[in-house]
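Peer 1:
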Amino acid sequence: MNRPRTWPAHVLLAAGALLMLAPFAWQVVVSLQTLPESLRVPPKFTPSWQWSNFADAFRSVPLARQFLNTVAVSAAVTAGQLLLCSLAAYAFARLRFPGRGAVFLLFLAVLMVPGELFIIPRYEIMQELGWLDTLQALIAPGVFGAFGTFLLRQFFLSLPRELDEAARLDGANPLQIYWHIMLPLVRPGLLALGLLTVMWSWSSLLWPLVVNTDPEMMTLSAGLASLRGQFQTNFPILFAGSVVASLPVIALFVVLQRHLVAGIAFTGSKG
Amino acid sequence: MHSTREWAWGYLLIAPMALGLAVFYLWPIVQTIYLSFTESGVFGGHTWVGTANFTELLGDEETLGALGNTLLYAVLVLAGVPLAIVIAALLNVPGLRGLGLYRTLYFLPVVTMPAAVGLTWRYLFNGDFGAINYLLSEVGIDGPYWVGDPDFAIYAIAVVGVWSTVGYNAVLFLAGLQGIPRPYYEAASIDGAGRLRQFFHITLPLLTPTTFFVIVITMINALQVFDLVFLIIDLKSPALSGSRTIVYLFFEKGFVYNQRGLAAAIAVLLLGLILVLTAIQFRLQKRWVHHE
Amino acid sequence: MRFRLPLAGLLGLTVLTAGCGASAEPAADGKATISYAIWDKNDQAAAEKIIAAFQQANPKVTVKLEITPWEQYWTKLQTAASGGAAPDVFWMNSLNVRLYADGGVIAPLDGSKAAGLPEAVVNGYRHDGKLYALPHNVSIPALWYDKKIFDAAGVAYPTADWTWDDVKAAAKKLTDPAKQQFGILAPMWDQGGFYNTMIQAGGHVLSPDGGKSGFDDPASIQGLEFWTGLIEDKLAPVAEVYTDTDPIQLFQSGKYGMYYGGVWFASTYWADPEMRARVDVAPLPKGPAREAVILLGLANSVSAKSEHPREAAAFAEFVSSDQAQKILSDSGGGALSVRPGTQDGWFAAFPSFHLKETYDASMPHGVPYPATLNTARWQDVQNKLLADAWSGKRPVADVAKEIATRMNEILAEE
Numbered sequence: 129m130n131r132p133r134t135w136p137a138h139v140l141l142a143a144g145a146l147l148m149l150a151p152f153a154w155q156v157v158v159s160l161q162t163l164p165e166s167l168r169v170p171p172k173f174t175p176s177w178q179w180s181n182f183a184d185a186f187r188s189v190p191l192a193r194q195f196l197n198t199v200a201v202s203a204a205v206t207a208g209q210l211l212l213c214s215l216a217a218y219a220f221a222r223l224r225f226p227g228r229g230a231v232f233l234l235f236l237a238v239l240m241v242p243g244e245l246f247i248i249p250r251y252e253i254m255q256e257l258g259w260l261d262t263l264q265a266l267i268a269p270g271v272f273g274a275f276g277t278f279l280l281r282q283f284f285l286s287l288p289r290e291l292d293e294a295a296r297l298d299g300a301n302p303l304q305i306y307w308h309i310m311l312p313l314v315r316p317g318l319l320a321l322g323l324l325t326v327m328w329s330w331s332s333l334l335w336p337l338v339v340n341t342d343p344e345m346m347t348l349s350a351g352l353a354s355l356r357g358q359f360q361t362n363f364p365i366l367f368a369g370s371v372v373a374s375l376p377v378i379a380l381f382v383v384l385q386r387h388l389v390a391g392i393a394f395t396g397s398k399g
Numbered sequence: 676m677h678s679t680r681e682w683a684w685g686y687l688l689i690a691p692m693a694l695g696l697a698v699f700y701l702w703p704i705v706q707t708i709y710l711s712f713t714e715s716g717v718f719g720g721h722t723w724v725g726t727a728n729f730t731e732l733l734g735d736e737e738t739l740g741a742l743g744n745t746l747l748y749a750v751l752v753l754a755g756v757p758l759a760i761v762i763a764a765l766l767n768v769p770g771l772r773g774l775g776l777y778r779t780l781y782f783l784p785v786v787t788m789p790a791a792v793g794l795t796w797r798y799l800f801n802g803d804f805g806a807i808n809y810l811l812s813e814v815g816i817d818g819p820y821w822v823g824d825p826d827f828a829i830y831a832i833a834v835v836g837v838w839s840t841v842g843y844n845a846v847l848f849l850a851g852l853q854g855i856p857r858p859y860y861e862a863a864s865i866d867g868a869g870r871l872r873q874f875f876h877i878t879l880p881l882l883t884p885t886t887f888f889v890i891v892i893t894m895i896n897a898l899q900v901f902d903l904v905f906l907i908i909d910l911k912s913p914a915l916s917g918s919r920t921i922v923y924l925f926f927e928k929g930f931v932y933n934q935r936g937l938a939a940a941i942a943v944l945l946l947g948l949i950l951v952l953t954a955i956q957f958r959l960q961k962r963w964v965h966h967e
Numbered sequence: 131m132r133f134r135l136p137l138a139g140l141l142g143l144t145v146l147t148a149g150c151g152a153s154a155e156p157a158a159d160g161k162a163t164i165s166y167a168i169w170d171k172n173d174q175a176a177a178e179k180i181i182a183a184f185q186q187a188n189p190k191v192t193v194k195l196e197i198t199p200w201e202q203y204w205t206k207l208q209t210a211a212s213g214g215a216a217p218d219v220f221w222m223n224s225l226n227v228r229l230y231a232d233g234g235v236i237a238p239l240d241g242s243k244a245a246g247l248p249e250a251v252v253n254g255y256r257h258d259g260k261l262y263a264l265p266h267n268v269s270i271p272a273l274w275y276d277k278k279i280f281d282a283a284g285v286a287y288p289t290a291d292w293t294w295d296d297v298k299a300a301a302k303k304l305t306d307p308a309k310q311q312f313g314i315l316a317p318m319w320d321q322g323g324f325y326n327t328m329i330q331a332g333g334h335v336l337s338p339d340g341g342k343s344g345f346d347d348p349a350s351i352q353g354l355e356f357w358t359g360l361i362e363d364k365l366a367p368v369a370e371v372y373t374d375t376d377p378i379q380l381f382q383s384g385k386y387g388m389y390y391g392g393v394w395f396a397s398t399y400w401a402d403p404e405m406r407a408r409v410d411v412a413p414l415p416k417g418p419a420r421e422a423v424i425l426l427g428l429a430n431s432v433s434a435k436s437e438h439p440r441e442a443a444a445f446a447e448f449v450s451s452d453q454a455q456k457i458l459s460d461s462g463g464g465a466l467s468v469r470p471g472t473q474d475g476w477f478a479a480f481p482s483f484h485l486k487e488t489y490d491a492s493m494p495h496g497v498p499y500p501a502t503l504n505t506a507r508w509q510d511v512q513n514k515l516l517a518d519a520w521s522g523k524r525p526v527a528d529v530a531k532e533i534a535t536r537m538n539e540i541l542a543e544e
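Protein chains in written order, with my numbering: chain H, 129 to 399; chain X, 676 to 967; chain V, 131 to 544.
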């Protein structure tokens, strides 16, 4: 079989990639223009290095603080998800106990329910606890997830049965088996779940918008929304904020994209 | 160790997650359903009103508009699914170099926070200063006020919706394509089938399980769209009537006007809608999804 | 030990749970901490200076400033009020004051402290004969104009004597389709726009007792048609333009001759050196029937459930006092102080803008911003329906009559 030509595919893919990339490039350019420049017809396609937009964005909402909040919340949520999901997933996949199937079905049922159903009662829980405008209000609901449990269970199921049996003969208890033997073997799953969780908690908007109204306690997503409220359609300043807010996850993704993509492909094939 | 000890371990290990899901997921479901039958006072408290919220919503122009907008958005975004198949097929061309680079670029919109994506597109769509209308004017088309006009807003937002999910779907399709055994194609080549014929007679049918999964996920996500719309369309925009989605309405009622009971009823309606449409999908799949 | 891992997670949650519920309680030594909630970040510097001055005079009281953006402010306040935990003192506007007074959230204040403040502003905060908030600033609509565009077209700048006809005549001369330049902006805006013209034409938004809508008054309709006429005559851009780009920023692009804005835009426009030189401000032009300027002032309310009602009331009173009003003025921010005679510092902060002239010419013709118990409800109807008139989908008169009908239904329920 002779090698097929690949250039037609390259042409089409490159054109598409340009469409994907152009809005980002344009955003960066405009973030460095003055307001009147950004309102010019025809548009000015070059930056004029107006760095003060970034200073303005940082000054008008506590962007630095929101950045730290977002990092802290994403880190805590991800760590919590990895631990709690893997524990539960391991138990569902490798241990036998009465009611296992029923409880797992209940977990799956949660996956079917749109997130909006949780918001009002969660809000009231946070209000009762006095947790409105705190970081734990953003973290607490996020560390629990049916999806992560389901995803990791698939990974645990794929490991050979002999592994636990050998360890049990050596006298290890299930927790030791989980930690020493199983967890290292599902690292690809953990990595995929970790990346997905970082991505989701970094971007999520509705819950943070609702529960934390103090700008000092907002995450970047909600911060951008309130920056929009303040600057309306002053796009250079809004874009300066956007660039700062979205860059870290983009960087993380570029470095680790293979693992994330593998994880997503996995959800598709086993879903 | 096939004993109560193993049971105890099992319960112990799922306990933290089960507890959390009970508090933050299961209890809220019950509570929201309860609240959907109540009316909230301006400054706290609520009273039982039976099905009044639902009758109010179903007779309300705004809610029906939001329902229509949301369904239209879902249909438009689903229409973008074939695009993802095409991209995946191109990425799957044997011997293609630079796969990693393409995948990164197509995935950029997926990993960028929707709030930032929304702001960017709002500017691109600007009727006077936006790049899109500028490019259109270069080819002699007088572009509309995409996000300022209720007749166009939801289409514009759907373009962004497709743009920001096509990479995700393409990755799923690529995995599906890679799972199709080579011998199928080789046999078809020997029979003299061209590549286009192979695509329609081998690739598409064998890809249907993935297609089904993508359609269901895309639909469920589309029915819950909020972030993009919220950043592109202001609460006060006249274009809101043509672009308000169900979740946007939920946010307005629940957290702008503090009508929590009404908002809860909207959430319950959304749950019903998703369940019904998903059930229909599962019904239909028997007719077109290829099972080995 | 590996056991600690999951346990530590749970433990962490318990610790987090325990860390809540601390609240201020009255101390025996007379020390008190009160919270002060505002929504405008631009007012932070002035508010901090005012707090410092208050604390100096009342050393035992500490005031904690809380800033919540406008988008979240009312939701947060309503939630806090439901829990009985509203801030001790907080910003109020005349749209919401009756709702909060009726709900028992805010306490009546000493009416005598409002003496000397403009009646059009103070009136907005009276409910059932009692004063529920003390005004601290005033928003005056005003006509901004682009001197560069006026100069280029050889048109004389607006003066205090201008009428609607002068505006239309100037707009015609300033409009230049070839340059995509318009004479004026016509956004659908009540406070700085159509409420003023409705009244200037001899109409009204609400009947004096607040029980009936004035939208179906032919004079009110004339006031609305002033705006839609400008759009129809292509002297102002179409309605969608203002949705796509905020008018405040549109005006900054240098393609629009005039803009009914507010004096409070001064700090925004002054901040941009190029704008500073290019634009200026004049009082709103007279209407066919009368002169009228909608005055909307922000005010401070005191929580009815405050644990320090005396200190809270004292602080609210202080913010409206001569001393604090001068501090506000001198800080040269967005807000203009409301107490007569305290504005010079603010005028001086923007020397090339004709703000003093605008203030002097506007205040005698001030009319209160129309509000009832549930202002937001009928304004919602008003805005949704008017959008059709602005976009040219329906005639103004039809829309105005429908607004009046629906508004009367809402008002009847109050």
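Heads up, the beta-carbon is just placed ideally off N, CA and C, and yes, glycines get one too.
Note that this is a predicted model, so its numbers are computed, not measured.
Taking 8 Å as the threshold (beta carbon to beta carbon), is residue 378(V) in contact with chain H?
Peer 2: Taking Cβ atoms only, chain H reaches closer than 8 Å to residue 378(V), which makes this a yes.
Peer 1: Quick check on residue 197(V) - is its C-beta less than 8 Å from some C-beta in chain H?
Peer 2: Cβ-Cβ to chain H under 8 Å: yes for residue 197(V).
Peer 1: Could you say which of 167(V), 422(V) and 385(V) lies nearest to residue 408(V) if we only look at CA atoms?
Peer 2: Ranking the options by Cα distance to residue 408(V), first place goes to 385(V).
Peer 1: Below 6 Å CB to CB, which residues in the same chain sit around residue 785(X) once its five sequence neighbours on both sides are set aside?
Peer 2: Correct list, in chain order: 842 and 843.
Peer 1: Classify residue 256(V) as helix, strand or coil using the three-state DSSP reduction.
Peer 2: Note: residue 256(V) maps to strand in three-state DSSP.
Peer 1: Can you name the residues that DSSP bridges to residue 191(V)?
Peer 2: Residue 191(V) pairs with 162(V).
Peer 1: Could you run through the segment 822-834 of chain X and flag, in chain order, every residue whose CB is less than 8 Å away from some CB of chain V?
Peer 2: Listed by position, the residues of the segment 822-834 of chain X near chain V (Cβ gap below 8 Å) are 822, 823 and 824.
Peer 1: What does the alpha-carbon distance come out to for the pair residue 173(H) and residue 341(V)?
Peer 2: Their backbone Cα atoms lie some 55 Å apart in a straight line.
Peer 1: By the criterion of Cβ-Cβ separation under 8 Å, what are the contact partners of residue 164(H) in chain V?
Peer 2: Those are 382, 383, 384 and 404, listed as they occur along chain V.
Peer 1: May I ask you to list, following chain order, the residues of the segment 210-221 of chain V that have a beta carbon less than 8 Å from some beta carbon of chain X?
Peer 2: Taking 8 Å as the Cβ-Cβ cut-off against chain X, the residues of the segment 210-221 of chain V that qualify are 211, 212 and 213.
Peer 1: Could you spell out the range, first to last residue, of the alpha helix (DSSP H) harbouring residue 144(H)?
Peer 2: 135-158 is the span of the alpha helix (DSSP H), which, as asked, contains residue 144(H).
Peer 1: Here's the rule: buried if 16 or more other CB atoms are within 10 angstroms of the residue's CB, otherwise exposed. What is residue 287(V)?
Peer 2: So residue 287(V) counts as exposed.
Peer 1: Helix, strand or coil: which one does DSSP assign to residue 934(X)?
Peer 2: Three-state DSSP puts residue 934(X) in coil, outside helix and strand.
Peer 1: Counting Cβ pairs closer than 8 Å, one from the segment 795-809 of chain X and one from the segment 370-382 of chain V, do we hit at least three?
Peer 2: Touching, yes.
Peer 1: Let me know the secondary structure DSSP gives residue 252(H) once reduced to three states.
Peer 2: Note: residue 252(H) maps to helix in three-state DSSP.
Peer 1: Starting from the C-beta of residue 350(H), find all residues in its chain whose C-beta is less than 6 Å away, skip the five residues before and the five after it, and write them out in chain order.
Peer 2: The residues are 336 and 337.
Peer 1: With respect to the alpha helix (DSSP H) encompassing residue 896(X), which residues constitute its N-terminal and C-terminal limits?
Peer 2: 879-898 is the span of the alpha helix (DSSP H), which, as asked, contains residue 896(X).
Peer 1: Interface residues of chain V around residue 361(H) at Cβ under 7 Å?
Peer 2: Within chain V, the residues near residue 361(H) are 375, 376 and 379.
Peer 1: Give a yes or no on contact between the segment 225-240 of chain V and the segment 270-279 of chain V, applying the rule of three or more CB pairs nearer than 8 Å.
Peer 2: Contact between the segment 225-240 of chain V and the segment 270-279 of chain V is absent, because fewer than three Cβ pairs lie under 8 Å.
Peer 1: Is the Cβ-Cβ distance between residue 425(V) and residue 498(V) less than 8 Å?
Peer 2: Result yes, Cβ atoms of residue 425(V) and residue 498(V) sit closer than 8 Å.
Peer 1: I'd like to confirm the pairing. Which residues does DSSP put opposite residue 496(V) in its beta bridges?
Peer 2: The partner list for residue 496(V) (beta bridge, DSSP) reads 423(V).
Peer 1: Looking at chain V, which residues of the segment 351-375 of chain H have a Cβ within less than 8 Å of any of its Cβ atoms?
Peer 2: The residues in question are 353, 354, 357, 358, 360, 361 and 362.
Peer 1: Taking the straight line between their C-alpha atoms, what separation do you get for residue 469(V) and residue 291(V)?
Peer 2: Going by the C-alpha atoms only, they are around 26 Å apart.
Peer 1: Looking at chain H, is there any beta carbon in it that lies within less than 8 Å of the beta carbon of residue 362(V)?
Peer 2: No, no contact with chain H.
Peer 1: Have a look at residue 688(X) and residue 697(X) and give me their C-alpha separation to the nearest angstrom.
Peer 2: Spanning the two alpha carbons is a distance of roughly 15 Å.
Peer 1: Any idea what DSSP makes of residue 689(X), helix, strand or coil?
Peer 2: If DSSP states are grouped into helix, strand and coil, residue 689(X) belongs with the helices.
Peer 1: Any beta-carbon of chain X closer than 8 Å to the one on residue 225(H)?
Peer 2: Yes, residue 225(H) lies at the interface with chain X (some Cβ there is under 8 Å from its Cβ).
Peer 1: Please confirm whether residue 703(X) has its beta-carbon closer than 8 Å to some beta-carbon of chain V.
Peer 2: It does not; no Cβ of chain V falls within 8 Å.
Peer 1: Looking at C-alpha atoms only, which residue of 158(H), 213(H), 210(H) and 262(H) is the closest neighbour of residue 343(H)?
Peer 2: Closest option to residue 343(H), Cα to Cα, is 262(H).
Peer 1: By Cβ distance below 8 Å, which residues in the same chain neighbour residue 185(H) in space, the five residues on each side in sequence not counted?
Peer 2: Within the same chain, residue 185(H) has close Cβ partners 191, 355, 365, 366, 368, 369 and 372.
Peer 1: Can you find a C-beta in chain X that's less than 8 Å from the C-beta of residue 317(H)?
Peer 2: No, because no Cβ of chain X sits closer than 8 Å to the Cβ of residue 317(H).
Peer 1: Out of 926(X), 737(X) and 850(X), which one is the CA nearest neighbour of residue 247(H)?
Peer 2: Nearest of 926(X), 737(X) and 850(X) to residue 247(H), Cα basis: 926(X).
Peer 1: For residue 234(V), which residues of its own chain have a beta-carbon under 8 Å away from its beta-carbon, when the five flanking residues on both sides are left out?
Peer 2: Correct list, in chain order: 434.
Peer 1: Which residues mark the beginning and the end of the beta strand (DSSP E) in which residue 410(V) is found?
Peer 2: From DSSP, the beta strand (DSSP E) with residue 410(V) extends over 409-412.
Peer 1: If you reduce the DSSP assignment to three classes, tell me which class residue 388(V) lands in.
Peer 2: Strand.
Peer 1: Do you know offhand how far residue 151(V)'s Cα is from residue 197(H)'s?
Peer 2: In this prediction, residue 151(V) scores a pLDDT of 34, lower than 50, which makes its location untrustworthy; the coordinate-derived value is nonetheless stated afterwards. Between residue 151(V) and residue 197(H), the C-alpha separation is close to 22 Å.
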